[in-house]
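Some notes on the structure that comes next.
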Amino acid sequence: MSIQILPARLANQIAAGEVVERPASVIKELVENSLDAGADKIELEIDRGGHKRILIRDNGNGIVQDELELALSRHATSKISCLDDLEQILSLGFRGEALASISSVARLTLTSKPASQAQAWQARAEGRDMAVQLQPVAHPNGTSVEVLDLFFNTPARRKFLRSEKTEFQHIDETVKRIALSRFDVAFSLKHNGKLLRHYPKAESQVARQKRLSLVCGQAFGQQALSIQSEYQGLILNGWLLNQGSTSQDQQYFYVNGRMMRDKLINHAIRQAFEGILAPDCHPAYVLYLQLDAKEVDVNVHPAKHEVRFHQARLVHDFIFRALQDAIERPQFEEELAQPQ
Ligand code: ADP
Ligand code: MG
């Protein structure tokens, strides 16, 4: 076969393999876009575990009519423009791949109205070359993305979708993770027309604790120990359960607002809890690490689950010490503080 440039849709479908694994990953990408757009209200409607339909509606900045087509193309982003930006990423997105990838493996419509524009417009990418169709529609300020029939044109991928129930559990977990990362944003999640989760904006301390209980359960909310530690530009705060939990699901770690599963961090946490937990218990925590964006590389993994710290040892030891101090603190000092 001679060398040829792949058609746009096929190239996007290949890229989609990296970021769009299942409905929950679509939701992660879309919610991150809404957050990057400054939304403080994000509504999700899911039908049949996301197999059939995913709808997200936000009240963010919106996309101007002229840029709707661009937003759907690959490597199109408003978030970075040069290598310097890549070295200190402040937004959740930056690869410019999500919308192009999702629209290559599903029927996607993007509808948006910036406050400055009188009319909302809707875009849909179709065909081999993903030609974009535009039409005016009615829509409030903000953006909606509807994703129908995920993987309808990639049967091999579709086969890997689990039951609607399992896929919905992944979606629910994704929304929980994000809800714990932004207490200043209201989230709601409907499944098959039923409102299942509602996390109102939580700005006061009481409201934050309420959200923590909603997401992690009443027991976690009531027993959690707050932690707050700072060293050489590193800040760690959040909550943990001194005695751990029998459930392995209460482990949330954020680096500059981004949820992570990182080996180095896990190691530091396990070490801090060592010898303290009952044999059937696991560490339980919601922790937020903040550090200079230049000190961490988030461009390691397409789905951005992993990071690389420039000063790995320092970060590891800082987390370990901060947790060890907190864990050894006597129970009567328990109180809940602000996580941010
Ligand atoms: P990235 O987030 O990496 O920039 P995406 O493909 O996810 O790439 O989105 C492409 C662009 O479309 C974004 O950079 C942004 O300008 C715009 N965009 C996407 N979703 C929204 C949204 N909900 N509100 C406003 N703009 C959006
Ligand atoms: Mg994005």
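For the sequence shown, the working numbering begins at 6 and goes up steadily by one. Cβ atoms here follow ideal geometry from the backbone N, Cα and C, with glycine treated the same way. In this text the structure is predicted, and so the values were computed from the model without any measurement.
#### Entry: Local conformation of Q227 per DSSP, three classes
Three-state DSSP puts Q227 in a helix.
#### Entry: Residues bridged to P141 (per DSSP)
Under DSSP, the beta-bridge partners assigned to P141 are W126.
### With 16 other Cβ atoms within 10 Å as the buried cut-off, status of V110
Label assigned to V110: buried.
### Message
I'd like to confirm the pairing. Which residues does DSSP put opposite F192 in its beta bridges?
### Response
F192 has I47, Y204 as its beta-bridge partners, per DSSP.
### Task
Could you check what DSSP says for K299 in three-state terms: helix, strand or coil?
The three-state secondary structure of K299, taken from DSSP, is helix.
### Message
What would DSSP say about P119, mapped onto helix, strand or coil?
### Response
Annotated three-state conformation of P119 is coil, per DSSP.
### Length of the line joining the Cα atoms of K164 and Q237
Going by the C-alpha atoms only, they are around 49 Å apart.
### Query
Who are the near neighbours of C286 in its chain, counting only those whose CB is closer than 8 Å to its CB and skipping five residues on each side?
Cβ within range, chain order: Q248, G249, S250, T251.
### Query
Does the beta-carbon of R79 have 16 or more other beta-carbons within 10 angstroms, so that it is buried, or is it exposed?
Buried, by the Cβ-count rule.
### Query
Could you give the distance in angstroms between the alpha-carbon of H306 and the alpha-carbon of V24?
C-alpha separation (whole angstroms): 9 Å.
### Query
Is it a yes or a no for the region 102 to 122 touching the region 257 to 274, going by three-plus beta-carbon pairs under 8 Å?
Put simply, the region 102 to 122 does not touch the region 257 to 274. Fewer than three CB pairs are less than 8 Å apart.
### Query
Mind checking G22: buried by the 16 CB within 10 Å criterion, or exposed?
With fewer than 16 neighbouring CB atoms inside 10 Å of its own CB, G22 falls in the exposed class.
### Task
Report the partner residues of E131 according to the DSSP bridge assignment.
E131 pairs with A136.
### Task
Could you name the residues that DSSP lists as bridge partners for E151?
Per DSSP, the beta-bridge partners of E151 are L60, T114.
### Message
If you measure between the beta carbons of L246 and Q228, is that distance less than 7 Å?
### Response
It is a contact, given that the beta carbons lie within the stated cut-off.
### Task
Count the C-beta pairs between the region 63 to 70 and the region 84 to 94 that are closer than 8 Å, then say yes if the count reaches three, no if not.
Per the Cβ contact rule, the region 63 to 70 is not in contact with the region 84 to 94 (fewer than 3 Cβ pairs under 8 Å).
### Query
From F337 to L115, what does the alpha carbon distance come to, in whole angstroms?
Here the model assigns F337 a pLDDT of 45, short of 50, so the residue's position is not dependable, and the following value carries that caveat. In this structure, the CA atom of F337 is about 52 Å from the CA atom of L115.
### Query
With burial defined as no fewer than 16 other Cβ atoms inside 10 Å of the residue's Cβ, what is the status of M6: buried or exposed?
Exposed is the call here.
### Query
Relative to the alpha-carbon of Q295, which residue among L239, K199, S209 has its alpha-carbon at the smallest distance?
It is L239.
### Task
Report buried or exposed for I232, applying the criterion of at least 16 other Cβ atoms within 10 angstroms of its Cβ.
Flag for I232 reads buried.
### Task
Tell me whether E339 is buried or exposed, calling it buried when 16 or more other Cβ atoms sit within 10 Å of its Cβ.
For E339, the pLDDT reaches just 49, beneath the cut-off of 50, and the residue's location in the model is therefore unreliable, although a value from the coordinates is still provided. E339 comes out exposed.
### Query
How about A103: is its Cβ closer than 6 Å to a heavy atom in ligand 2?
A103 has its CB nearer than 6 Å to a heavy atom of ligand 2.
### Query
Cβ of P28 within 7 Å of Cβ of G55?
Going by C-beta atoms, P28 is nearer than 7 Å to G55.
### Task
Could you pull the start and end residues of the beta strand (DSSP E) that R9 belongs to?
One point to set straight first is that residue 9 is Gln, not Arg, in the sequence displayed. No beta strand (DSSP E) holds Q9; DSSP gives it neither H nor E.
### Task
Can you give me the Cβ contacts of Y259 inside the same chain, cut-off strictly under 6 Å, excluding the 5 residues immediately before and after it?
For Y259, where only same-chain residues beyond five positions count, the Cβ hits under 6 Å are S186, Y293.
### Task
Keeping to the same chain, check which residues put their C-beta closer than 6 Å to that of A20; ignore five residues upstream and five downstream.
Taken in chain order, the residues that qualify are E102, S106.
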